[in-house]
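Student:
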Amino acid sequence: MLNLFKYGILGKKRYYLIITIVTIGVYISLFIGYLYFRNLTPEDGFVLSFILLLVSIILNGIFNITSLASEDMKSLYYSIPINPKYIYIRRMLMGLLESLYILILNLSFMTIIINHMNPAFKSLIINYLQRGGIYTIILLIPGLWEVVILASTFPIANGLPSEKNPFKRMLYMIVILILVFGDKIRAIICKWFPYSLNFNLPQFNFESITGSLETSISVSGGSYSINIFVILFDIIVTISFLMLNSWVFEKKMEIK
Amino acid sequence: MGVLEVKGLYKYYGKKCALKNVNLTGDLGEIVGLFGPNGSGKTTLLKLIIGFLRPSSGSIKVDGKDINYNTRAIVSFLPDNNLLPSWMKIKDAFNFYKDFFPYFEEKKFKDLLEYFDLKFESKIKELSKGEQEKVCLSLAISRKAKVYLLDEPLGGIDPASRERILTGILKNYREDSLMIISTHLIDDVESIIDRAVFISNGEILIDGKAETLREEKKMSIDKLFRNTF
Chain X
0 MLNLFKYGIL GKKRYYLIIT IVTIGVYISL FIGYLYFRNL TPEDGFVLSF
50 ILLLVSIILN GIFNITSLAS EDMKSLYYSI PINPKYIYIR RMLMGLLESL
100 YILILNLSFM TIIINHMNPA FKSLIINYLQ RGGIYTIILL IPGLWEVVIL
150 ASTFPIANGL PSEKNPFKRM LYMIVILILV FGDKIRAIIC KWFPYSLNFN
200 LPQFNFESIT GSLETSISVS GGSYSINIFV ILFDIIVTIS FLMLNSWVFE
250 KKMEIK
Chain H
0 MGVLEVKGLY KYYGKKCALK NVNLTGDLGE IVGLFGPNGS GKTTLLKLII
50 GFLRPSSGSI KVDGKDINYN TRAIVSFLPD NNLLPSWMKI KDAFNFYKDF
100 FPYFEEKKFK DLLEYFDLKF ESKIKELSKG EQEKVCLSLA ISRKAKVYLL
150 DEPLGGIDPA SRERILTGIL KNYREDSLMI ISTHLIDDVE SIIDRAVFIS
200 NGEILIDGKA ETLREEKKMS IDKLFRNTF
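Going down the list, the sequences are from chains X and H. Mapped onto numbering that gives the first Met the number 0, the consecutive letters of the first sequence carry residue numbers 0 to 255. Mapped onto numbering that gives the first Met the number 0, the consecutive letters of the second sequence carry residue numbers 0 to 228.
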């Protein structure tokens, strides 16, 4: 498994370099824009940072799914005497760790640069994390990764032999249904099992006063409590598909 | 009991039957030529033996064991296309094989690189198709395996280099292993094979000792192939 990680990282050296340089480049451009043009407010900077973070994490998910199809499901990895399910699990774990790296990289630069624009930012973000915002961040990555694990079913199912076409279609159908109607399923679960945990996911309110004009901005879907059964549903879906895809990878898939 | 046993093997791609009731055995110390026109099922058969494809029915045993990921430790496969990712240097591919395959023979690989005039530090993507094939071949035959499956090892190689490659294969062939060479360039490999298997439309038409076939049919294997197809 360690060797799988080693060659996974070696194969993505350039990708990591590009992610790091692009992220740093965007933040430096943001800062230069603020220093020279002054028409960029800290709120704009915060929104841009948040968009950059989300776009980077989504792109990282897409790159990992394409790498799964273009590298892991090819002759080299499939000819090594290792249970193929570890090749899949390695890819999913690597993607998760890369997303965490992107999160830390963005949060660090976001804090450094926006704090320079508005010294209150640092204390605002610390206060936000202390109010329970840390859970939003902790849940953001696995939440997005649930979608990546579901989406990874598509290339894996595509590798099934023709005799398994009904199974392949069934997998496609289940994943599409969960992706499209996931929110409706969660709403039904909330209605049937109205048991929520006591802490709330706060929204991040970024307020600044410029003269007499007060502007505020909030990021997050709003303040809502966590339904324990919805969380259980998401955990079950993620683990089930991780296990199902691993099983298909090991027992059923073909390298054409 | 042979090191390779294929019994009643069928493989379907949708409605198309790629292999029909294939029965084949292979013993240690044999070099088998698997010959057939394009689309005859040669690559499908090799991919089934390595475990890349799953049989529709029938069984395949390598060294007495059913095919699974563990048997890949004793089966060395050279696909008909470059299997190495473009980010790799020859050095990385060497380290990859050393880390993942038991009993990878480092010296043999380095000797083969020298024999093929390839540099250890070269990037895979900067090599020509023929050079990439030479690297893949060197990696495949430097593994200490019981079964070697070489799919079109001369496919993208110019006629002048083919002999050099065949000499390389023969020089490094292990007597305690079975080697199956799939190709339609029969004339080139005829001199090194012990046994010839002709396959057409997924069915084995001829399976016999090369020497016996030449004597019985009073013609070379290449000529026999041309007459058969």
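Virtual Cβ for every residue (Gly too), placed ideally from N, Cα, C. Keep in mind the model is a prediction, meaning the values are calculated, not measured.
Would you say X/L75 reaches chain H, if we count a Cβ-Cβ gap shorter than 7 Å as a contact?
Tutor: Yes, because at least one Cβ of chain H sits closer than 7 Å to the Cβ of X/L75.
Student: Assuming H/V134 and H/A92 are in contact, meaning their beta carbons sit under 8 Å apart, how far apart are those beta carbons, in whole angstroms?
Tutor: About 7 Å; that satisfies the 8 Å criterion.
Student: Relative to the alpha-carbon of X/K167, which residue among X/F45, X/L123, X/P154, X/G10 has its alpha-carbon at the smallest distance?
Tutor: Comparing Cα-Cα distances from X/K167 to each of X/F45, X/L123, X/P154, X/G10, the minimum goes to X/P154.
Student: Can you list the residues of chain H that X/L9 reaches, using a CB-CB cut of under 8 Å?
Tutor: Here the neighbours are W86, D91.
Student: Between X/T209 and X/N117, what straight-line distance do the alpha-carbon atoms span, to the nearest angstrom?
Tutor: With a pLDDT of only 46 at X/T209, under the threshold of 50, the placement of this residue in the model should not be trusted, and no figure is reported.
Student: If you check the beta carbons only, do X/F240 and X/P83 fall under 7 Å apart?
Tutor: Taking 7 Å as the Cβ cut-off, X/F240 and X/P83 do not qualify as a contacting pair.
Student: Since X/G10 sits in a beta bridge, which residues does DSSP pair it with?
Tutor: DSSP lists no partner for X/G10.
Student: Which same chain residues end up closer than 6 Å to X/I103 when comparing Cβ atoms and leaving out the 5 residues on each side of it in sequence?
Tutor: Result list for X/I103: empty, nothing under 6 Å.
Student: Which residue comes first and which comes last in the alpha helix (DSSP H) that contains H/L47?
Tutor: Segment 41 to 49, the alpha helix (DSSP H) holding H/L47.
Student: Could you round the C-beta distance between H/S121 and H/I89 to whole angstroms and report it? I think they count as a contact, below 8 Å.
Tutor: Sure, about 5 Å apart at Cβ, within 8 Å.
Student: Starting from H/M178, trace the alpha helix (DSSP H) both ways and give me its first and last residue.
Tutor: Per DSSP, H/M178 belongs to no alpha helix (DSSP H); it is in the beta strand (DSSP E), 177 to 182.
Student: Say whether the region 194 to 208 of chain H touches the region 29 to 43 of chain H, bearing in mind that this needs 3 or more beta-carbon pairs closer than 8 Å, one atom from each stretch.
Tutor: These segments touch.
Student: With a 10 Å radius around its C-beta and 16 neighbouring C-beta atoms as the bar for buried, classify H/T211 as buried or exposed.
Tutor: It is exposed - the Cβ of H/T211 has fewer than 16 other Cβ atoms within 10 Å.
Student: Quick check on X/N226: buried or exposed, where buried means 16 or more other Cβ atoms within 10 Å of its Cβ?
Tutor: With 16 or more Cβ atoms within 10 Å of its Cβ, X/N226 is classed as buried.
Student: Identify the contact partners of H/Y102 in chain X, using a Cβ-Cβ distance below 8 Å as the criterion.
Tutor: Those do not exist, as H/Y102 stays about 11 Å from chain X at its closest Cβ, beyond 8 Å.
Student: Under 7 Å between C-beta atoms, does X/L128 make it to chain H?
Tutor: Cβ-Cβ to chain H under 7 Å: no for X/L128.
Student: Counting only beta-carbon separations shorter than 7 Å, does X/N2 have a partner in chain H?
Tutor: Cβ-Cβ to chain H under 7 Å: yes for X/N2.
Student: List, from N- to C-terminal side, the alpha helix (DSSP H) runs of 4 residues or more that fit wholly inside the region 118 to 143 of chain X.
Tutor: You should have 119 to 127.
Student: So with CB distances below 7 Å, who are the chain X contacts of H/S55?
Tutor: By Cβ distance, chain X contributes E162.
Student: DSSP has H/L165 in a bridge; who is on the other side?
Tutor: For H/L165, which the question treats as bridged, DSSP gives no partner whatsoever.
Student: Taking the alpha carbon of H/V5 as the reference point, which residue from H/C16, H/E162, H/L47 has its own alpha carbon closest?
Tutor: Per the Cα distances, H/L47.
Student: How about H/P158: is its C-beta nearer than 7 Å to some C-beta of chain X?
Tutor: With 7 Å as the cut-off, H/P158 does not count as an interface residue toward chain X.
Student: Can you find a CB in chain X that lies within less than 7 Å of the CB of H/R142?
Tutor: No - not a single Cβ of chain X is within 7 Å of the one on H/R142.
Student: Against chain H, does X/E97 count as a neighbour if the rule is that its beta carbon must be under 7 Å from one of theirs?
Tutor: Not closer than 7 Å to any Cβ of chain H, the Cβ of X/E97 fails to qualify, so no.
Student: Distance, Cα to Cα, X/L178 vs X/I61?
Tutor: So the alpha carbons of these two residues sit roughly 15 Å apart.
Student: I believe H/K118 touches H/E105 by the beta-carbon criterion, under 8 Å. Please report the beta-carbon distance rounded to the nearest angstrom.
Tutor: Between H/E105 and H/K118 the Cβ distance is about 16 Å, and since that is not below 8 Å, they are no contact.
Student: Nearest-angstrom Cα distance between H/L138 and H/K109?
Tutor: Looking at the two C-alpha atoms, the distance is approximately 10 Å.
Student: Looking only at its chain, what residues have a beta carbon closer than 7 Å to the beta carbon of H/K10, apart from the 5 residues adjacent to it on each side?
Tutor: Hits under 7 Å: A17, L18, T43, L47, L52, P54, S55.
Student: Taking CB distances under 7 Å as the criterion, tell me whether X/I254 reaches chain H.
Tutor: True, the Cβ-Cβ gap to chain H drops below 7 Å.
Student: Thinking C-alpha only, which one of X/M91, X/I125, X/I31 is nearest X/L106?
Tutor: Nearest option by C-alpha distance: X/I125.
Student: What three-state label does DSSP hand H/S160 in the structure shown?
Tutor: Reduced to three states, the DSSP call for H/S160 is helix.
Student: Taking 7 Å as the CB-CB limit, is X/L212 close to chain H?
Tutor: Reliability of the predicted coordinates at X/L212 is poor, the pLDDT of 46 falling under 50, and the value obtained from them is presented with this limitation in mind. No, X/L212 does not count as interfacial toward chain H.
Student: Please classify H/E202: does DSSP put it in a helix, a strand, or coil?
Tutor: H/E202: strand per DSSP, three-state reduction.
Student: Distance, Cα to Cα, X/T19 vs X/K12?
Tutor: Computed Cα separation, rounded: 11 Å.
Student: Residue range of the beta strand (DSSP E) that X/F166 falls in?
Tutor: Segment 164 to 191 is the alpha helix (DSSP H) holding X/F166; no beta strand (DSSP E) there.
Student: From the DSSP output, in three-state form, read off H/K14 for me.
Tutor: Note: H/K14 maps to coil in three-state DSSP.
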